[in-house]
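Chemist: What follows is a single structure, and I will ask about it in a moment.
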Amino acid sequence: MQADFWQKRWERDQIGFHLAEVNPYLRQYWPALGLAAQTRVLVPLCGKSLDLIWLADQGYEVLGIELAEKAVEDFFREHQLQPQISQHGEFKVYAQGPIQLWCGDFFALTAEDTAGCTALYDRAAMIALPPPMRQRYCAHLNGLLPEGSKGLLITMDYAQEQLDGPPFAVLDDEVCQRLGGVWQLQVETERDILGESWKFLQGGVTRLVERVYRLNKQGARE
């Protein structure tokens, strides 16, 4: 899966992954993280998610990373916001108030770029990537945030052979393998949503579980 795959999806408005509301898991489970006001939150592969507005409205600083410039431009246009635009290394930065959206390749992001970020929100990043890229994504993510960082991760679990992604199936075993050596993982909820997902029903999927993880970065284990 190359970068132009997502560029074309946005150009053609093939964005079924975009939610037209704030994610209910974010509303329910984020407050329990107990983060201080103005905590900087890293949101990888953020698209034009309404979750960005919700986080900002709760008093957090938001650093969203998005490959498709159309998604970034749509976000500010749809919310009638006038961002300041600048260049930071390989990233084109759109900033307005507490929200910064960096347009560019997530894998070009450095720990210096995310300095000050002590929270993570991943609703649609890990599940957007095929297995080889997920491995690279997790390894890169693990090096971006300091110990003590907290966050939420939302995944989808189904039989991958029944339907091609994205979104891809990310099983609990993989989450534990990729992140468990660095993050303390706690499953907040898991829910079968097959009856709400026509794409998966029509595709012949027989089980579809959304799983929400609470994350706490502990540092690498020996």
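Positions in the sequence shown are counted from 1; adding 816 to them yields this note's numbering. Using N, Cα and C, we set each Cβ at its ideal position, and we do this for glycine too.
#1: Assuming residue 1003 contacts residue 1027 under a Cβ cut-off of 8 Å, what Cβ separation, rounded to an integer in Å, is found between them?
#2: Considering only the alpha carbon of each residue, which of 952, 937, 853 lies closest to residue 971?
#3: Go through its chain and collect everything with a Cβ distance to residue 1009's Cβ below 6 Å, but skip five positions before and after it.
#4: Which one of 896, 895, 983, 842 has the shortest CA to CA distance from residue 944?
#5: Quick one, are the C-beta atoms of residue 845 and residue 968 less than 8 Å apart?
#6: Do the CB positions of residue 935 and residue 965 come within less than 8 Å of each other?
#7: Leaving out the 5 sequence neighbours to the left and right, which residues in its chain are closer than 8 Å to residue 855 when beta-carbon positions are compared?
#8: Can you pull the DSSP bridge partners for residue 970?
#9: Give the secondary structure of residue 1022 by DSSP, where H, G and I count as helix, E and B as strand, and everything else as coil.
#10: I believe residue 872 touches residue 913 by the beta-carbon criterion, under 8 Å. Please report the beta-carbon distance rounded to the nearest angstrom.
#11: In the DSSP assignment, find the unbroken beta strand (DSSP E) run with residue 907 in it and report its ends.
#12: Residue 1007 by DSSP, collapsed to three states: which one?
#13: Check the DSSP bridge columns for residue 999 and list the partner residues they point to.
Modeler: With the given structure in hand:
#1: 6 Å
#2: 937
#3: 1024, 1026
#4: 983
#5: yes
#6: yes
#7: 876, 877, 934, 935
#8: 1028
#9: coil
#10: 7 Å
#11: 907-912
#12: strand
#13: 1033
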